[in-house]
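Using the numbering used here, count along the sequence shown one by one with no gaps and you end on 463.
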Amino acid sequence: MAAQYQVSRMTIRQALAHVEKDGILTRLRGSGTFINHYPNRVVPSLGFPMSFTYQVRELGITPAVKIIKAEVIKVPTLEIAVHLSLLDDAEVARFTRVFFADDKPVALSTSILPHHVCLGITTTKLINDSLSTTLAEQYGLIPTQVDQWLGATNADPQEAELLNVQPGSPLLYITTLGHLANGTPIEYALTSCVGDRLQLHIHVVSGEEDSPTSAMMETITIQPS
Numbered sequence: 239m240a241a242q243y244q245v246s247r248m249t250i251r252q253a254l255a256h257v258e259k260d261g262i263l264t265r266l267r268g269s270g271t272f273i274n275h276y277p278n279r280v281v282p283s284l285g286f287p288m289s290f291t292y293q294v295r296e297l298g299i300t301p302a303v304k305i306i307k308a309e310v311i312k313v314p315t316l317e318i319a320v321h322l323s324l325l326d327d328a329e330v331a332r333f334t335r336v337f338f339a340d341d342k343p344v345a346l347s348t349s350i351l352p353h354h355v356c357l358g359i360t361t362t363k364l365i366n367d368s369l370s371t372t373l374a375e376q377y378g379l380i381p382t383q384v385d386q387w388l389g390a391t392n393a394d395p396q397e398a399e400l401l402n403v404q405p406g407s408p409l410l411y412i413t414t415l416g417h418l419a420n421g422t423p424i425e426y427a428l429t430s431c432v433g434d435r436l437q438l439h440i441h442v443v444s445g446e447e448d449s450p451t452s453a454m455m456e457t458i459t460i461q462p463s
């Protein structure tokens with residue numbers, strides 16, 4: 239490998255150590271180094287749930303999305319109207335989906351979009367089972383900024399059934415608001431993640447003295463069961 243990539247053996251050892259730390263490789267004394275069938279970490283380009291199917295597929299894990307309901311809501315709640323900067327009587331498109339990684343349900347997500355910018359999307363087959371891909375390729379809507387708020391909750395009976403967990407099980411709760419380049423809010427999402435199957439790593443970077451500290455969603459961990 240050192241010869242192939244024209245780097246030193248030390249660089250190769252350091253790279254393999256990082257990959258092992260990420261759970262992609264396992265070293266067994268006397269046996270060798272092996273690629274894990276279920277790598278621990280998935281590194282996304284955007285925070286979950288944006289482009290989840292793409293992120294998981296790139297790591298060799300089989301993603302799947304089950305749409306529980308796709309519907310148009312005639313009158314959104316005040317909370318939705320405020321987050322999406324809509325008039326009270328504006329229609330929204332709402333998707334309720336379960337995300338899977340290698341047949342394991344890892345998250346339940348409800349995505350809400352202003353219907354006037356993506357008319358007919360609730361009756362459209364999603365490209366590669368991805369809402370974000372469909373929004374980009376069919377409607378030209380590409381979020382460039384994502385704000386997220388993390389919290390904790392317990393699975394209610396419906397969530398427990400869809401996620402195959404016991405009622406009352408702890409869930410990581412993520413509120414996501416995606417914006418277009420011009421600042422227009424385009425997606426408001428509420429996501430419940432199974433804590434022992436999916437773990438989110440937040441990397442915090444300190445800015446300059448006069449700049450605010452920024453936090454970036456960097457890693458998704460899928461725990462084998």
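Just so you know, even glycine gets a beta-carbon here, dropped at the ideal spot from N, CA and C.
Quantities reported herein were computed from a predicted structural model and do not represent experimental measurements.
Taking C-beta atoms as the reference points, Glu309 and Arg332 count as a pair closer than 7 Å. Residue burial is scored here from C-beta neighbours: Thr291 has at least 16 other C-beta atoms within 10 angstroms and is therefore classed as buried. When beta bridges are read from the DSSP output, Phe338 appears opposite Ala302, Pro343. Of Ala398, Leu415, Ala339, the smallest CA-CA separation from Pro301 is found for Ala339.
Taken through DSSP and simplified to helix, strand or coil, Leu409 comes out as strand. Within the same chain, Cβ atoms closer than 7 Å to the Cβ of Met239 are found at Ile250, the five residues on either side in sequence being excluded.
Gly378 is positioned such that its CB atom lies no closer than 7 Å to that of Pro408.
Only residues of its own chain outside the window of five on either side were considered, and among them Cys431, Gly433 have a CB closer than 6 Å to the CB of Leu410, listed in chain order.
The bridge partners DSSP lists for Ile359 come to none. Annotated as proximal: Glu425 and Ser349, with beta-carbon spacing under 7 Å.
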